[in-house]
Structure formats: C-alpha cells, structure tokens
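Each residue of the sequence shown is one higher than the last, beginning at 21 in my numbering. For glycine and all other residues, C-beta sits at the position ideal for the given N, C-alpha and C. All values derive from a computational prediction rather than experimental measurement. Okay, so here's the structure we're looking at.
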Amino acid sequence: MMAAPIATPAATANVTSTNNSDPVFAGAGDVASCDDLAGAKATAKLLDSIPGTIFVAGDLAYPDGSA
C-alpha cells in the first residue's frame with residue numbers, strides 16, 4: 021500500500037539547556053519521500069537542534085521504504 025504524501029509542517033523545536041544528566045532520546049519515523057527530500061531535510065534540521073540520542077522508526081522513505 022502506498023501512502024499519499026502529506027504537507028510537511030515547519031520544523032521547530034523549543035530546546036532548553038539543562039545542567040542535569042537526564043538522558044534525551046528523540047526520534048522520528050516515516051520522514052521522507054524518494055521523490056521529494058523536503059520532509060527529510062526538515063526532519064534532519066529539527067532533530068539536529070535536539071541534544072541527545074536520535075533514533076528512526078518505521079519506513080524511512082516512501083513509497084519503497086522498509087522496516
């Protein structure tokens with residue numbers, strides 16, 4: 021089944037620096053289309069602004085991504 025592309029929201033993040041040792045684990049899934057990399061670039065920009073470990077989940081690219 022192929023998913024229809026959806027509009028990509030503007031990448032924004034409110035990152036607050038803390039002085040504690042709480043871990044940060046952020047992730048994203050279904051972030052791109054092989055035909056248009058705008059979603060992938062917006063997701064990368066957003067995740068780059070978050071300190072911590074980043075993970076990806078699900079199909080990373082449509083229409084032919086795989087888990």
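Does the separation of the CB atoms of residue i and residue j fall below 7 Å?
i	j	result
residue 46	residue 74	yes
Leaving out five residues before and five after residue i in sequence, what residues of the same chain have Cβ atoms less than 7 Å from its Cβ?
i	result
residue 59	28, 51, 52 and 53
residue 48	63, 67 and 76
residue 72	43, 44, 45 and 46
residue 61	none
May I have the straight-line CA-CA distance separating residue i from residue j, to the nearest angstrom?
i	j	result
residue 56	residue 80	13 Å
residue 41	residue 70	15 Å
CB-CB under 6 Å to residue i, same chain, minus the five flanking residues each way: which ones, in chain order?
i	result
residue 1	The requested residue 1 does not occur in the structure, where the chain is confined to residues 21 to 87.
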